[in-house]
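Visitor: Residue numbers for the sequence shown, in numbering that gives the first Met the number 0: 0 to 291.
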Amino acid sequence: MEKRYNESKKVIIITITLNVILTILKIASGVIGKSSSIIADGLHSASDIITSIAVFIGSKISKKPKDAKHQYGHERSETIVSFILSSMLIIVALGIGMKGVMILFNPSKIETPTKLPLIMAVISIFIKEYQYRITIKAAEKINSEALKADAWHHRSDALSSIAAFIGIGGSILGIRLLDPIASIIVALIVIKVGIDIFKISCNDLMDTSINFKDLELIEKIANDYSDIKGISSIKSRKHGAYAYIDMSILIDNDKTLYSAHEISHKLERLIIKELPYIKEVNIHIEPYSKKS
0 MEKRYNESKK VIIITITLNV ILTILKIASG VIGKSSSIIA DGLHSASDII
50 TSIAVFIGSK ISKKPKDAKH QYGHERSETI VSFILSSMLI IVALGIGMKG
100 VMILFNPSKI ETPTKLPLIM AVISIFIKEY QYRITIKAAE KINSEALKAD
150 AWHHRSDALS SIAAFIGIGG SILGIRLLDP IASIIVALIV IKVGIDIFKI
200 SCNDLMDTSI NFKDLELIEK IANDYSDIKG ISSIKSRKHG AYAYIDMSIL
250 IDNDKTLYSA HEISHKLERL IIKELPYIKE VNIHIEPYSK KS
């Protein structure tokens, strides 16, 4: 648990530092260079700071051990953070899209920017893509949905910077409508990403099952165990980055209680060894008779 937290903390500190620098530089270059799109992009980077802080808080809470009030632990705090982040992602994207539509119908409000915000947009694209790559790599390593949501927030900012680059470049070349059109396209992409993350978070909060491939592996492990005569039921539910398994197995009714306990305990160890994200396997034992 501590290793997951440290991995998350290391990435978040890097991304927050970079986002603070980007926010200041984007807004400053937008004001000096007369570019509303890069100013909006700067505000998007500012929202990344908030979301990264939220992920950090979620990771810190999730590493707390279980207690009397939270007997299954605190891992689901990451799912809650992911839920909030996806909502913020959708709201930010809607704001960018609506602003693009408004400007599209009021082209006279578009000022011709200088080259300064254009250069800033290019720098932002590379930095945000770097942030996305290091964050998604860490998220996949520690199986964190909240960190994945934060990674996509960085990718959405990179897309926003691309839109700003196209818009600023178009304005400089005299095609002023490119700016709002690009903003609307990016907004739609970001909304799609936000909805996907939102759906995953909702499913996890409603105790969604682990993937069918892993369920089949668990069944195979049990069926390959000679002392187990069958499986009468198996259920699973996600709990943040981890999962719980509830299953009923059939064991010869002539086995002693101690033997049955040892069989179930060994099965749990085998399952967790193959699937380390399984936190606990609750096994119910049912008697098996050759006559039945």
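Even for Gly, the Cβ is constructed at its ideal location relative to N, Cα and C.
Can you name, in chain order, every residue of its own chain whose Cβ lies under 8 Å from the Cβ of SER247, other than the five neighbours on each side?
Guide: ILE230, SER231, SER232, ILE233, ILE282, HIS283, ILE284 and GLU285
Visitor: To which residues does DSSP link VAL280 through a beta bridge?
Guide: ILE244
Visitor: Quick one: complete alpha helix (DSSP H) runs, 4+ long, within the region 129 to 213?
Guide: 144 to 172 and 177 to 204
Visitor: Contact between the region 113 to 133 and the region 158 to 167 is defined here as three or more beta-carbon pairs at a separation below 8 Å; is this criterion met?
Guide: Per the Cβ contact rule, the region 113 to 133 is in contact with the region 158 to 167 (3 or more Cβ pairs under 8 Å).
Visitor: Would you mind reading off the limits of the beta strand (DSSP E) that contains LYS237?
Guide: 227 to 238
Visitor: Could you please give me the residues that DSSP links to PRO286 through a beta bridge?
Guide: Answer is ILE250.
Visitor: Counting along the chain, where does the alpha helix (DSSP H) carrying THR78 start and finish?
Guide: 75 to 103
Visitor: Residues in the same chain with beta-carbon distance under 6 Å from LYS33, minus the five sequence neighbours each way, listed in chain order, please.
Guide: GLU110 and PRO112
Visitor: Would you kindly report the start and end of the unbroken alpha helix (DSSP H) that includes LEU256?
Guide: 256 to 273
Visitor: Is the beta carbon of THR78 sitting closer than 8 Å to the one on ASP203?
Guide: yes
Visitor: Within a Cβ cutoff of 7 Å, which residues of the same chain sit near LEU24, ignoring the five residues on either side of it in sequence?
Guide: MET119
Visitor: Using C-beta distances below 7 Å, list every residue in its chain close to LEU115, excluding the 5 sequence neighbours before and after it, in chain order.
Guide: SER28, ILE31 and GLY32
Visitor: Nearest CA to the CA of ILE262: which residue from SER225, ASP245, TYR243 and ARG132?
Guide: SER225
Visitor: CA-CA distance, LYS191 and ALA148?
Guide: 12 Å
Visitor: Are the region 152 to 159 and the region 131 to 140 in contact at 8 Å, needing three or more beta carbon pairs?
Guide: yes
Visitor: Looking only at its chain, what residues have a beta carbon closer than 6 Å to the beta carbon of LEU177, apart from the 5 residues adjacent to it on each side?
Guide: ILE165, GLY166 and GLY169
Visitor: Would you kindly work out how many angstroms separate the C-alpha atoms of SER51 and THR14, rounded to a whole number?
Guide: Each residue's CA atom was taken as its position, placing SER51 and THR14 some 7 Å apart.
Visitor: Less than 8 Å between the beta carbons of SER160 and ALA240, yes or no?
Guide: Their beta carbons are not under 8 Å apart, which means SER160 does not touch ALA240 by this criterion.
Visitor: Just verifying my parser: in three-state terms, what is the DSSP assignment at ILE12?
Guide: helix
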